[in-house]
């Protein structure tokens with residue numbers, strides 16, 4: 026966290042008073058995995074940070090669960106349409122060969 030040095034108040038008598046340093050929360054880059062492989066890389070990063078003590082292991086576990094869930098949803102979103110297309114082709118082939 027960084028301190029913000031620009032915070033100061035001018036009182037009615039003209040005295041400049043700087044309040045106790047307030048901290049500005051720095052937002053770390055948020056990982057947004059777009060593929061299951063990217064989710065795996067994010068889980069690997071969580072593991073390394075937890076092992077180094079840079080992140081609480083409970084937080085890492087929770088985040089890994091969310092990443093796993095997102096990865097499963099992503100896989101389902103890719104697999105279901107492909108499976109439907111395969112089933113449609115099989116149905117057409119079945120109709121074609123059953124009519125002979």
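Residue numbers (the working numbering): 26 to 125. Where a beta carbon is used, it is the ideal one built from N, C-alpha and C, also for glycine. Given the structure is predicted, the values throughout are model-derived calculations rather than measurements.
If I follow the unbroken alpha helix (DSSP H) through residue 61, where does it start and stop? 61 to 77
What residue does the alpha helix (DSSP H) around residue 97 start on, and which one ends it? Note, residue 97: alpha helix (DSSP H), 82 to 123.
How long is the line joining the alpha carbons of residue 77 and residue 85, rounded to whole angstroms? If I take the Cα positions, the gap works out to 12 Å.
Contact between the segment 93 to 103 and the segment 111 to 119: three or more CB pairs below 8 Å? Remark: fewer than three beta-carbon pairs, one from each stretch, lie closer than 8 Å, so the segment 93 to 103 and the segment 111 to 119 are not flagged as touching.
Check each candidate in 83, 106 and 92 and name the one with the smallest Cα separation from residue 69. Answer by Cα proximity: 92.
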